[in-house]
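J.:
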Amino acid sequence: MRTLRIGIVGGGWMGKVHAMSYRTARSAFGPDPAVPVVTTMADVTKELAEHAAQECGIERAVSDWHAIVDDPEIDIVDICTPNDMHFDVAMAAIAAGKHVYCEKPLSHTVEQARKMAKAAEDRGVTTIVGFNYIQNPVHGLARAAIAGGELGDLTYVRIFFNSDFMSDRHLQHTWRNDIARAGAGVIGDIGAHCLSYFYHLVDREVEEVLCDLRFVIPDHAAPLSTGAFRVGAVGDPSRRIANTTDDMATVLFRFQGGGTGHMEMSRISTGIRFDIGYDIVGTEGMLRYNYERINDVDLYRDSGPVERRGFTRMRMGPTDPRYAALLPVTALGLGYNDYKAMEAREMIEAVATGRPAYPDFRFGRRVQEVVDACQRSHAQRSWVKVSG
Ligand SMILES: NC(=O)c1ccc[n+]([C@@H]2O[C@H](COP(=O)([O-])OP(=O)(O)OC[C@H]3O[C@@H](n4cnc5c(N)ncnc54)[C@H](O)[C@@H]3O)[C@@H](O)[C@H]2O)c1
4 MRTLRIGIVG GGWMGKVHAM SYRTARSAFG PDPAVPVVTT MADVTKELAE HAAQECGIER
64 AVSDWHAIVD DPEIDIVDIC TPNDMHFDVA MAAIAAGKHV YCEKPLSHTV EQARKMAKAA
124 EDRGVTTIVG FNYIQNPVHG LARAAIAGGE LGDLTYVRIF FNSDFMSDRH LQHTWRNDIA
184 RAGAGVIGDI GAHCLSYFYH LVDREVEEVL CDLRFVIPDH AAPLSTGAFR VGAVGDPSRR
244 IANTTDDMAT VLFRFQGGGT GHMEMSRIST GIRFDIGYDI VGTEGMLRYN YERINDVDLY
304 RDSGPVERRG FTRMRMGPTD PRYAALLPVT ALGLGYNDYK AMEAREMIEA VATGRPAYPD
364 FRFGRRVQEV VDACQRSHAQ RSWVKVSG
């Protein structure tokens, strides 16, 4: 039985989710073509690394990520740090010939994303980016309907991701509120997920964007604790640290083939817990998805008698082999951590069989090109072309 050894860099929320995902993937999909084993966890201090390693049942904890990159036994470097670290760790890992699983957004800047994608291609290593939402197999049904021409010519795409998980000023300041660490605010954080939906489903280039970023929350309370991100963790109210990242974004875009689009993103939409979804409209039909019904996507076909036209609800179930590996019954439904397990499985299968993983660093770079264009558009207060 082949084993693939993994070192995780960053033992916060995502570090733990990734550790869990490899175990779930192993149990659900079995030991072929390889068994993933997380051997090492790195964090900024030995205490943080040991804490995460113990919780996740990982043997070795290190306070310097180079120990993972330099370890000849490790096959996959798994990056779960704040965004400003993705580039250094990924480039060192690629140079050492490691395969790389990197959380989204791929990088801090678009220049870094270009270098990362090129380095991975030149070195011939397998890469994947943590756009877990598109691992949900229900989007495969939507993608197939679009690719099969069921919507006709695409005219309009609306993608939204609204939440209120950072609306409270009492919450503690984290790296997400620091532009020097995050590289972008909402547009790079959840905007990157919106763009992953677009590229997964529509798979055409975004050509131009007009973006308005809003900076609403001026500061957050100084942190009382370090380590994993937790929704609702309050800080020290007497000490304030400036929030230098955007909290909301509205984007108009035009895409290849003459279609137009609209994205709205917010981390401060009071009362909205998690409103993610899309409408994809064509001349002959449309698709509608909302995360509240995570396993369903609705398809409308503009044909037949007018009074009989309506949406067909497409529901994901065990006809999809990845769904079937996790659940035997349709209505039970998959959730966030299941998509992470599918993502881990995708990486393990790709590395073990030598095929590319999806979505790889090139996909991550495409997303980063649009994030960059949005930031430029906001700064210039005008439409800008997406480069790359
Ligand atoms: N795909 C998703 O849905 C999703 C969700 C959340 C976060 N993310 C991404 O995952 C990454 C991590 O986010 P998170 O929510 O887990 O953050 P987090 O703050 O919970 O965890 C980050 C961890 O990295 C550690 N760290 C910081 N610098 C380090 C270094 N130099 N070496 C080793 N460890 C270091 C921190 O101490 C912390 O434990 C980010 O890039 C974020 O955008 C993706």
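Each residue of the sequence shown is one higher than the last, beginning at 4 in the numbering used here.
By construction, the Cβ of each residue, glycine as well, lies at the ideal position given by its N, Cα and C atoms.
1) Quick test of the definition: if touching needs 3 or more C-beta pairs under 8 Å, does the region 279 to 298 touch the region 144 to 159?
2) Grouping DSSP H, G and I as helix and E and B as strand, with all else coil, what is VAL389?
3) On the three-state DSSP scale, how would you describe TYR303?
4) Assign MET4 to one of two classes, buried (16 or more other C-beta atoms within 10 Å of its C-beta) or exposed (fewer than that).
5) Take PRO359 and list the residues in its own chain whose beta-carbon comes closer than 8 Å to its own, dropping the five residues that flank it on each side.
6) Taking 7 Å as the line, does the beta carbon of LEU174 fall inside it for any heavy atom of ligand 3?
7) What I want to know is whether the C-beta of ASN86 ends up closer than 7 Å to one or more non-hydrogen atoms of ligand 1.
8) Quick check on the DSSP output: the alpha helix (DSSP H) that includes ASP192 runs from which residue to which?
9) On the criterion of 16 or more Cβ atoms from any shown chain inside 10 Å, does PRO324 qualify as buried, or is it exposed?
10) Which word fits GLN57, buried or exposed, when buried means at least 16 other C-beta atoms lie within 10 angstroms of its C-beta?
11) Is DSSP giving PRO226 helix, strand or coil here?
12) Sorted by chain position, which residues of the same chain lie with C-beta nearer than 6 Å to LEU408's C-beta, five sequence neighbours on each side aside?
13) Alpha carbon to alpha carbon, how far is TRP68 from TYR281? Give it in angstroms, no decimals.
14) Looking at the strands, I want to know which residues DSSP matches up with ASP81.
15) Do ASN165 and SER272 count as a contact pair if the criterion is CB distance below 8 Å?
16) Buried or exposed: PRO81, going by 16 or more other Cβ atoms within 10 Å of its Cβ?
17) Considering Cα atoms alone, identify which of GLY262, LEU329, GLY194 and LEU174 is closest to LEU109.
18) Which residues does DSSP pair with TYR342 in a beta bridge?
T.: In this structure, then:
1) As far as the Cβ criterion goes, the region 279 to 298 touches the region 144 to 159, which means the pair count is three or higher.
2) Here residue 389 corresponds to residue number 386 of the sequence shown, with the count starting at 1. Coil, per DSSP.
3) Against the sequence shown, residue 303 aligns to sequence position 300. DSSP places TYR303 in strand when its eight states are reduced to three.
4) On the sequence shown, position 1 is the one that residue 4 refers to. MET4 comes out exposed.
5) As a position in the sequence shown, residue 359 is number 356, starting the count at 1. Close CB contacts of PRO359 within its chain, under the 8 Å cut and outside five residues either way in sequence, are with THR129 and ALA353 (chain order).
6) For the structure depicted, ligand 3 is absent and the ligand set comprises only ligand 1.
7) Within the sequence shown, the letter at position 83 stands for residue 86. Yes - ligand 1 has a heavy atom lying nearer than 7 Å to the Cβ of ASN86.
8) For this step, residue 192 is matched to residue 189 along the sequence shown. Counting along the chain, the alpha helix (DSSP H) containing ASP192 begins and ends at 189 to 204.
9) The residue given as residue 324 occupies position 321 in the sequence shown. Label assigned to PRO324: exposed.
10) As a working mapping, residue 57 is identified with position 54 in the sequence shown. Under this definition GLN57 is an exposed residue.
11) Residue 226 sits at position 223 when you count from the first residue of the sequence shown. DSSP places PRO226 in coil when its eight states are reduced to three.
12) Absent from the structure is residue 408, since the part of the chain shown begins at 4 and ends at 391.
13) As a first step, residue 281 must be located in the sequence shown, where it is residue number 278. As a first step, residue 68 must be located in the sequence shown, where it is residue number 65. Here the C-alpha atom of TYR281 lies approximately 38 Å from the C-alpha atom of TRP68.
14) As a working note, residue 81 is residue 78 in the sequence shown. For ASP81, the pairing in a beta bridge is given by DSSP as ILE11 and TYR104.
15) For the purposes of this step, residue 272 is taken as the residue at position 269 of the sequence shown. For the purposes of this step, residue 165 is taken as the residue at position 162 of the sequence shown. Cβ atoms of SER272 and ASN165: closer than 8 Å.
16) Translated into the one-based positions of the sequence shown, residue 81 becomes position 78. Per the sequence presented here, residue 81 reads as Asp, with Pro not at that position. Buried, by the Cβ-count rule.
17) By one-based count along the sequence shown, residue 109 stands at place 106. LEU109 has its Cα closest to that of GLY194, out of GLY262, LEU329, GLY194 and LEU174.
18) The count along the sequence shown starts at 1 and reaches residue 342 at position 339. The partner list for TYR342 (beta bridge, DSSP) is empty, contrary to what the question assumes.
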